[in-house]
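Scroll down for the structure; my scribbles are underneath it.
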Amino acid sequence: MKSKRFLRRVGIEVLGWTLVVVGLAALVLPGPGLLCLFAGLAVLSQQYEWAERRLRPVEVMALKSAAQGVETWPRIVASCIGALAIGAVGIVWGIRPDVPGWWPLAERWWLPGGWGTGATLIASSLMALALIVYSYKRFHGLSEQEAQMMAERLAKGETSS
Numbered sequence: 458m459k460s461k462r463f464l465r466r467v468g469i470e471v472l473g474w475t476l477v478v479v480g481l482a483a484l485v486l487p488g489p490g491l492l493c494l495f496a497g498l499a500v501l502s503q504q505y506e507w508a509e510r511r512l513r514p515v516e517v518m519a520l521k522s523a524a525q526g527v528e529t530w531p532r533i534v535a536s537c538i539g540a541l542a543i544g545a546v547g548i549v550w551g552i553r554p555d556v557p558g559w560w561p562l563a564e565r566w567w568l569p570g571g572w573g574t575g576a577t578l579i580a581s582s583l584m585a586l587a588l589i590v591y592s593y594k595r596f597h598g599l600s601e602q603e604a605q606m607m608a609e610r611l612a613k614g615e616t617s618s
């Protein structure tokens, strides 16, 4: 019984810290940095109170931003175009066209990573589109005050009507 709890705790620690490290790296590299960082904190919050304390304010801010992002059609369209553009960049990155003549660095620095980097960009694009759909279904049409109250309830784990 103790070994099972120990293995669970170690698994949570490894997964949580791996997601945090990958998230931090993806903040400066192509990839879903904030999502990985948030997921890492969510996993670590099962073990540590400090992680839970840092997770809740981030979650409330993220949900408020999600609500604001779908307040108007121009915002929704701009978000969708941005997400699709990231996906398009991922495809181009993976295909890796020839180095253009204007490229000032060595050829090896042209779109490094190939499909590995391209795939993370495409995954980021798909996640962004999924979050736009989620935000639209959850928050579109609510007043700013209603959206803020719902975001706070969701962050506390309460279900909404």
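Just so we're on the same page, the numbering used here is the position in the sequence shown counted from 1, plus 457.
No residue lacks a Cβ here, since even glycine has one placed at the ideal position from N, Cα and C.
Predicted model, so just to flag it, every value in this text is computed and none were measured.
*residue 529 by DSSP, collapsed to three states: which one?*
For the purposes of this step, residue 529 is taken as residue 72 along the sequence shown, with counting starting at 1. If DSSP states are grouped into helix, strand and coil, residue 529 belongs with coil.
*May I have a chain-ordered list of the alpha helix (DSSP H) segments no shorter than 4 residues that lie completely inside the segment 487–525?*
490–501
*Should residue 475 go down as buried or exposed, given a rule of 16 or more other Cβ atoms within 10 Å for buried?*
Here residue 475 corresponds to residue number 18 of the sequence shown, with the count starting at 1. Exposed, since its Cβ has fewer than 16 Cβ neighbours within 10 Å.
*Whole-Å CB distance - residue 575 paired with residue 559, under 8 Å assumed*: If you number the sequence shown from 1, residue 575 lands on position 118. If you number the sequence shown from 1, residue 559 lands on position 102. Contact doesn't hold; Cβ gap of about 21 Å is too wide.
_Starting from residue 470, trace the alpha helix (DSSP H) in both directions and tell me its first and last residue._
Sequence index remark: in the sequence shown, residue 470 carries index 13 (1-based). Start and end: 459–485.
_Close Cβ partners of residue 486 (< 7 Å) along its chain, the five nearest in sequence each way excluded_ = Looking up residue 486 in the sequence shown gives position 29. Closer than 7 Å at Cβ, skipping near neighbours: no residue.
_Span separating the alpha-carbon of residue 604 from that of residue 521_ = Counted from its first residue, the sequence shown places residue 604 at position 147. Counted from its first residue, the sequence shown places residue 521 at position 64. Their Cα atoms are separated by approximately 7 Å.
*Apart from the five residues just before and just after residue 523, which ones in its own chain have a Cβ nearer than 8 Å to its Cβ?*
Position 66 of the sequence shown, counted from the first residue, corresponds to residue 523. Closer than 8 Å at Cβ, skipping near neighbours: 588, 591, 592, 595, 596, 608.
*asked:* Suppose you measure from the CA of residue 618 to the CA of residue 531; what does that come to, to the nearest Å?
replied: If you number the sequence shown from 1, residue 618 lands on position 161. If you number the sequence shown from 1, residue 531 lands on position 74. Because residue 618 carries a pLDDT of 46, less than 50, the predicted location of this residue cannot be relied on, and the following value inherits that uncertainty. Rounded to whole angstroms, residue 618 to residue 531 spans 27 Å at the Cα level.
_Distance, residue 526 Cα to residue 544 Cα_ = As a working mapping, residue 544 is identified with position 87 in the sequence shown. As a working mapping, residue 526 is identified with position 69 in the sequence shown. Looking at the two C-alpha atoms, the distance is approximately 19 Å.
_Cα-Cα separation, residue 533 to residue 584_ = On the sequence shown, position 76 is the one that residue 533 refers to. On the sequence shown, position 127 is the one that residue 584 refers to. In a straight line, the C-alpha of residue 533 is about 15 Å away from that of residue 584.
*Let me know if residue 577 comes out buried or exposed under the rule of 16 or more other beta-carbons within 10 Å of its beta-carbon.*
Along the sequence shown, one-based indexing puts residue 577 at 120. With 16 or more other Cβ atoms within 10 Å, it is buried.
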